[in-house]
Amino acid sequence: MTTLLTPRLRLEPLNDSHLAALHEVNRDPVVMRYITGRPDTLQDTQLMIDRVTARWAEFGYSWWGFIRRDNGQLIGSGCIQHLNRDPAGPLETGWRLRQDAWGQGYANEAARHMVGWAFKTLQPQLICAVCDPQNTASSTVMARLGMAYTGTGRWYDMDCARYDVTALQWAASPVKARYDAEA
Numbered sequence: 003m004t005t006l007l008t009p010r011l012r013l014e015p016l017n018d019s020h021l022a023a024l025h026e027v028n029r030d031p032v033v034m035r036y037i038t039g040r041p042d043t044l045q046d047t048q049l050m051i052d053r054v055t056a057r058w059a060e061f062g063y064s065w066w067g068f069i070r071r072d073n074g075q076l077i078g079s080g081c082i083q084h085l086n087r088d089p090a091g092p093l094e095t096g097w098r099l100r101q102d103a104w105g106q107g108y109a110n111e112a113a114r115h116m117v118g119w120a121f122k123t124l125q126p127q128l129i130c131a132v133c134d135p136q137n138t139a140s141s142t143v144m145a146r147l148g149m150a151y152t153g154t155g156r157w158y159d160m161d162c163a164r165y166d167v168t169a170l171q172w173a174a175s176p177v178k179a180r181y182d183a184e185a
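Counting from 3, one number per residue, gives the positions in the sequence shown under the working numbering.
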């Protein structure tokens, strides 16, 4: 399992040691409004960790916990996984953060490193991201990653906007150059 370092974060593969802190993120109805539409129970968060642990074992990638390097606090989580949890689908990135970490660039930083790692290590043709069309904060992060809006579809039992970045677009982007300088 791979740990990633960014200037301010350590991205650790999620495991049982993250349960309490991850549940604090996942139980916030404001954080979850565009993800599941409801706060997670402790059991929901444990089931997420169980799924993630199995995916790390099967694929070698899944969800990371975002740990602040200065104080060791888990402030969110993010992933490289298959869209709609379908191994035949393209690779997808996604994230969620505690409300007190919003607007500080953590999602951009973590996403840049997850996507950079995926293109470097897994070498897919493209990486996508999806979000509720009303989730402008996430769509802004997607645009900052160099992703382009490609339309809407139904994933995770919701209507979502999809954004893609191809390997060629990533290779030529200033976002990759910044990732390379930070990695």
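Glycine residues also receive a C-beta, built at the ideal position from the N, C-alpha and C atoms.
- Per DSSP, the beta bridge partners of Thr95 are Ile82.
- The continuous alpha helix (DSSP H) containing Asp182 extends over residues Pro176 to Glu184.
- Annotated as distal: Thr154 and Tyr165, with beta-carbon spacing of 8 Å or more.
- For Tyr63, there is no enclosing beta strand (DSSP E), as DSSP marks it with neither H nor E.
- The residue among Pro89, Leu44, Ala56 and Thr8 with its C-alpha nearest the C-alpha of Trp65 is Ala56.
- Three or more beta-carbon pairs separated by less than 8 Å are not found between the segment 74-91 and the segment 3-10, which leaves the two stretches without contact.
- By the Cβ criterion, the segment 123-138 is in contact with the segment 26-41, since at least three pairs of Cβ atoms, one from each stretch, lie closer than 8 Å.
- A Cβ-Cβ separation of about 5 Å places Phe68 in contact with Ala112 under the 8 Å criterion.
- Between Arg70 and Arg10 the beta-carbon gap is near 7 Å, inside 8 Å, which marks them as a contact.
- The Cβ-Cβ distance between Leu13 and Thr47 does not fall below 8 Å.
- C-alpha of Pro92 to C-alpha of Ala22: approximately 31 Å in a straight line.
- Under the criterion of beta carbons closer than 8 Å, His115 and Ala173 do not qualify as touching, at roughly 16 Å.
- For Gly118, the uninterrupted alpha helix (DSSP H) segment begins and ends at Tyr108 to Thr123.
- In this structure, the CA atom of Pro41 is about 38 Å from the CA atom of Leu170.
- Gly105 sits away from Thr95, with the two beta carbons spaced by 8 Å or more.
- The beta-bridge partner set that DSSP reports for Asp166 consists of Cys130 and Ala150.
- For Leu11, the enclosing beta strand (DSSP E) starts and ends at Leu11 to Pro15.
- His20 and Trp157 have their C-alpha atoms some 26 Å from each other.
- His25: member of the alpha helix (DSSP H) spanning Leu21 to Asn28, first to last residue.
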